[in-house]
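Protein chains in written order, with the working numbering: chain A, 1 to 69; chain B, 1 to 69; chain C, 1 to 69; chain D, 1 to 69; chain E, 1 to 69; chain F, 1 to 69.
Written below as structure tokens is the structure these notes are about.
6 protein chains.
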Amino acid sequence: MKLSTRNQLPGTVVSITSGEAMAVVKIQLAGGEVITSSITRDAVADLELVEGSAVTALVKSTEVALAVL
Amino acid sequence: MKLSTRNQLPGTVVSITSGEAMAVVKIQLAGGEVITSSITRDAVADLELVEGSAVTALVKSTEVALAVL
Amino acid sequence: MKLSTRNQLPGTVVSITSGEAMAVVKIQLAGGEVITSSITRDAVADLELVEGSAVTALVKSTEVALAVL
Amino acid sequence: MKLSTRNQLPGTVVSITSGEAMAVVKIQLAGGEVITSSITRDAVADLELVEGSAVTALVKSTEVALAVL
Amino acid sequence: MKLSTRNQLPGTVVSITSGEAMAVVKIQLAGGEVITSSITRDAVADLELVEGSAVTALVKSTEVALAVL
Amino acid sequence: MKLSTRNQLPGTVVSITSGEAMAVVKIQLAGGEVITSSITRDAVADLELVEGSAVTALVKSTEVALAVL
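Structure, rendered in structure tokens:
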């Protein structure tokens, strides 16, 4: 499968915090940065995510803002 | 300023493609990955972005999806 | 590849309108509805999209609002 | 009311999972597909959503990514 | 029509910049602030937006980040 | 810090509803309108948000839809 989604960052799940409806998943990238993703609890179950799972974080370019100091 | 935005990835602008309304900005992260951001042409002007500008890519956690192979 | 993205709607590209930076792609679903997607012009080229291409529209659940009459 | 939101898909609520802050609502479209929406618990109460409610799923075109096999 | 979209800010269109695919519309709120919206060029035509049009800006709560100084 | 994010609305936190993963924060703007933001529970803790905190609501222009009556 090929995605229009421009930003695809591979990493490893380092924590999962599940609520009733939503879950927050933290992913450590190869470079060391930690990315946070908020997805449904259903998606966590469906992808069988656990600490240590290899995943790719996907971000559409329209969702990326920029900051300058 | 401190942001609720969980994902803040520092990098350098490597290209800017401007249309009439929107612009696509590519940013190379320290680790080498290239991130694409779609922002308004106004924002590019307002932040005075050029190739080589130091920026931080900002992504809200609700915008991060996950893929598993 | 398996995605956390809850909404995956298969269809066929019926039109592509490209600007300098962004493009608007219309996809007809099996049921007849037409879905509009705004992606980068780069993504259209990268996926080699043309009228008639088979694609799947992907929408994260956090992006779906609801209306009642 | 007329919306700029390009994607408007009518359906019927088939389940609601509420957490403290957010809720996940599943909607079955006329064509049979099930759409998932993550909205605030407040919005579920405000729209008086229950299983069987007729709703329209709204998705801005900038939130629609595309995949090709 | 009633929307799950929590944030609905009434205002008046003060400018429209159209590209080939997308358009940037600026809206002045009653309190004086100017809001910027990036929508498809199609949506501008479909809503027959011109300077002076009365509109309501709609923002899903999952799209609102917060900053503290 | 300067942001590409076009919409920056200053206000005061009036309520925080926290779930396990996500939280819903309401902010009253100077003009009186109340804005709702859905962010991670982590972000609420990290920004030390409480009722009365001065914050700025941030919304990317690609997230703003428009309605006309």
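All C-beta atoms, glycine included, are put in the ideal place defined by N, C-alpha and C.
- Across the structure, residue 6 of chain B and residue 39 of chain A are spaced so that their CA atoms are roughly 14 Å apart.
- The C-alpha of residue 52 of chain D is placed about 42 Å away from the C-alpha of residue 66 of chain A.
- Any Cβ of chain B closer than 8 Å to the Cβ of residue 40 of chain E would place that residue at the interface, and such an atom is absent.
- A distance below 8 Å between beta-carbons, with the five flanking residues on each side excluded, links residue 14 of chain D to the following residues of its chain, in chain order: 26, 27, 28, 34, 51.
- Excluding residues up to 5 positions away in sequence, 9, 11, 27, 35, 37 lie with their Cβ nearer than 7 Å to the Cβ of residue 57 of chain E in the same chain.
- For residue 44 of chain E, the enclosing alpha helix (DSSP H) stretches over residues 41-46.
- Rounded to the nearest whole angstrom, the CA to CA distance from residue 64 of chain E to residue 59 of chain D is 16 Å.
- Residue-level contact check: residue 18 of chain F touches chain D, since one or more beta carbons of chain D fall below 8 Å from its beta carbon.
- No residue range can be given for residue 62 of chain B, since it is assigned to no beta strand (DSSP E) and is classified by DSSP as neither H nor E.
- For residue 61 of chain F, the CB contacts under 7 Å within the same chain, skipping 5 residues up- and downstream, are 6, 7 in chain order.
- For residue 15 of chain D, the enclosing beta strand (DSSP E) has its first and last residue at 7-18.
- Here residue 32 of chain A is exposed. Its C-beta has fewer than 16 other C-beta atoms within 10 Å.
- For residue 23 of chain D, not one C-beta of chain C is nearer than 8 Å to its own C-beta.
- Residue 23 of chain B is positioned such that its CB atom lies no closer than 8 Å to that of residue 30 of chain C.
- With fewer than 16 other beta carbons inside 10 angstroms of its own, residue 69 of chain E counts as exposed.
- Interface criterion not met: the Cβ of residue 15 of chain B is under 8 Å from no Cβ in chain A.
- Between residue 4 of chain F and chain A, the shortest Cβ-Cβ separation is below 8 Å.
- Within chain D, the C-beta atoms nearer than 8 Å to that of residue 62 of chain A come from 62, 63, in chain order.
- Listed along chain D, no residue sits closer than 8 Å to residue 45 of chain C by beta-carbon distance, the nearest being about 13 Å off.
- F/42 is the residue among F/2, F/4, F/42 whose C-alpha sits nearest the C-alpha of residue 18 of chain F.
- In this structure residue 16 of chain A is in contact with residue 44 of chain A, their Cβ atoms being roughly 6 Å apart against a cut-off of 8 Å.
- Membership of residue 23 of chain C in the beta strand (DSSP E) is indicated by the continuous run 22-29.
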